[in-house]
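Visitor: Take a look at this one; I'll ask things after.
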Amino acid sequence: MAITLGQRAKSIVRDPFFWVGSKEMGGTALGIAAWGLVTGVAMVKSGLSVPLALFMGLSVYAGSAQLAVLPLMAVGAPLWVVWFTAICVNLRFVILSSMWRSYFAHLSLRHRLAVAYFSGDVIFVNFMRRYPEARPQAEQLPYFWGAALTNWLAWQIPSTLGIFLADQIPLSWGLGFAGVLALLGVLLSMLKDRATWVASIVACTAAVAAFALPLKLNILVAIAAAVAAGLMAEQLQKQAGQLSAAKNEEPRS
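So the sequence shown is numbered by our numbering: it starts at 183 and just counts up by one.
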């Protein structure tokens, strides 16, 4: 007998690893919530109607991309610039998805599409920390959904509140700064090696240096510079490791 979607969902929720994933995401939920609230307010303040802001929040579900394109939409940037910016900001998900494949390739296409929608940076970091070996395990799917649903609720509830309460929340509250702090918290949890540190520093430097460019194009400059610097640092790190290994293998007289 085929297992229905409801039965599968119940079995996942009852799995203890579902709650392990949810608990581990709880540590970053406050930062995600602040980020979501800021994004919800920003969408309405940028001129989007409430229905359109709700649609964007639920369908896009990518805070960094939303915050990146909102200034462009507000100043009437060409549509190709808006789309290109969103694609550049979200290019990292192509890499993340290729790594998720090692764990979830056995799932149906519909289930994999759902995983793709609910995946996120912090979920990925927590998942890879717990399961560094790329091989499927029964506990991984409940763990992912526990983390993913906690992250989704921590984002969508404050984002929706921000959309409906945007007119009552004054800019003097400094929510933009709170959003920056939330982003920094997420970013720092992902800085785990030299390549990511180099990419982050280069991105910050490039964004400031190119700040005078029109249509917020300094964002694209920062992304391109960070990707190039990160790849270069990773390649140099690999070469250094290979040279070190080769020296260790040289016969000693």
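We put the beta carbon where it would ideally sit given N, CA and C, even for glycine.
Considering Cα atoms alone, identify which of V380, L323, V307 is closest to S290.
Guide: What you label residue 290 is simply residue 108 of the sequence shown in a count that begins at 1. Nearest of V380, L323, V307 to S290, Cα basis: L323.
Visitor: Please confirm if the segment 236-250 is in contact with the segment 263-278, defined as three or more CB-CB distances below 8 angstroms between the two stretches.
Guide: The segment 236-250 vs the segment 263-278: in contact.
Visitor: Excluding the five sequence neighbours on either side, which residues of its own chain have a C-beta within less than 8 angstroms of the C-beta of C386, listed in chain order?
Guide: Sequence index remark: in the sequence shown, residue 386 carries index 204 (1-based). Cβ neighbours of C386 beyond the five flanking positions: A404.
Visitor: At which residues does the alpha helix (DSSP H) containing K205 begin and terminate?
Guide: As a position in the sequence shown, residue 205 is number 23, starting the count at 1. Note, K205: alpha helix (DSSP H), 198-227.
Visitor: Alpha carbon to alpha carbon, how far is K420 from R243? Give it in angstroms, no decimals.
Guide: As a first step, residue 243 must be located in the sequence shown, where it is residue number 61. As a first step, residue 420 must be located in the sequence shown, where it is residue number 238. The amino acid at residue 243 is misidentified as Arg; the sequence shows Tyr. Y243 and K420: Cα-Cα distance of roughly 35 angstroms.
Visitor: Please classify A184: is it buried, with 16 or more other beta-carbons within 10 angstroms of its beta-carbon, or exposed?
Guide: Indexing the sequence shown from 1 puts residue 184 at position 2. In this prediction, A184 scores a pLDDT of 49, lower than 50, which makes its location untrustworthy; the coordinate-derived value is nonetheless stated afterwards. That one is exposed.
Visitor: Grouping DSSP H, G and I as helix and E and B as strand, with all else coil, what is Y313?
Guide: To locate residue 313, count along the sequence shown from 1; it is residue 131. Residue state, collapsed to three classes: coil.
Visitor: Tell whether a beta-carbon distance below 9 angstroms holds between T332 and G222.
Guide: Counting from 1 along the sequence shown, the entry for residue 332 is found at position 150. Counting from 1 along the sequence shown, the entry for residue 222 is found at position 40. No, they are not a contact pair.
Visitor: Would you mind working out which of F199, G208, V195 sits nearest L335, comparing C-alpha positions?
Guide: On the sequence shown, position 153 is the one that residue 335 refers to. When only C-alpha atoms are compared, the closest one is G208.
Visitor: Would L219 and L395 qualify as a contact pair, given that the criterion is a beta-carbon distance under 9 angstroms?
Guide: Your numbering for residue 219 matches position 37 in the sequence shown. Your numbering for residue 395 matches position 213 in the sequence shown. Their beta carbons are not under 9 angstroms apart, which means L219 does not touch L395 by this criterion.
Visitor: In the DSSP assignment, the alpha helix (DSSP H) including Q322 goes from what residue to what residue?
Guide: As a working note, residue 322 is residue 140 in the sequence shown. Here the alpha helix (DSSP H) through Q322 covers 322-346.
Visitor: Rounding to the nearest angstrom, what Cα-Cα distance links V195 and W327 in this structure?
Guide: Against the sequence shown, residue 195 aligns to sequence position 13. Against the sequence shown, residue 327 aligns to sequence position 145. Distance between the alpha carbons of V195 and W327 is about 8 angstroms.
Visitor: If you compare alpha carbons, which of G213, P340, Q424 is closest to L236?
Guide: Taking the sequence shown and counting its residues from 1, one reaches residue 236 at position 54. The shortest C-alpha separation from L236 is found at P340.
Visitor: Which term fits L370, buried or exposed, when burial requires 16 or more other beta carbons within 10 angstroms of its beta carbon?
Guide: Locating residue 370 in the sequence shown gives position 188, counting from the first residue. Exposed is the call here.
Visitor: Is it right to say F306 is buried, meaning 16 or more other beta carbons lie within 10 angstroms of its own, or is it exposed?
Guide: Within the sequence shown, numbered from 1, the residue matching residue 306 stands at position 124. Burial call: buried.
Visitor: What does the alpha-carbon distance come out to for the pair L413 and V384?
Guide: Here residue 413 is taken as the residue at index 231 of the sequence shown, counted from 1. Here residue 384 is taken as the residue at index 202 of the sequence shown, counted from 1. Their Cα atoms are separated by approximately 12 angstroms.
Visitor: Could you pull out every residue in the same chain whose Cβ sits closer than 8 angstroms to the Cβ of A389, ignoring the five residues on either side in sequence?
Guide: For the purposes of this step, residue 389 is identified with residue 207 of the sequence shown, where counting begins at 1. Excluding residues within five positions, the ones whose Cβ falls inside 8 angstroms are N400, I401, V403, A404.
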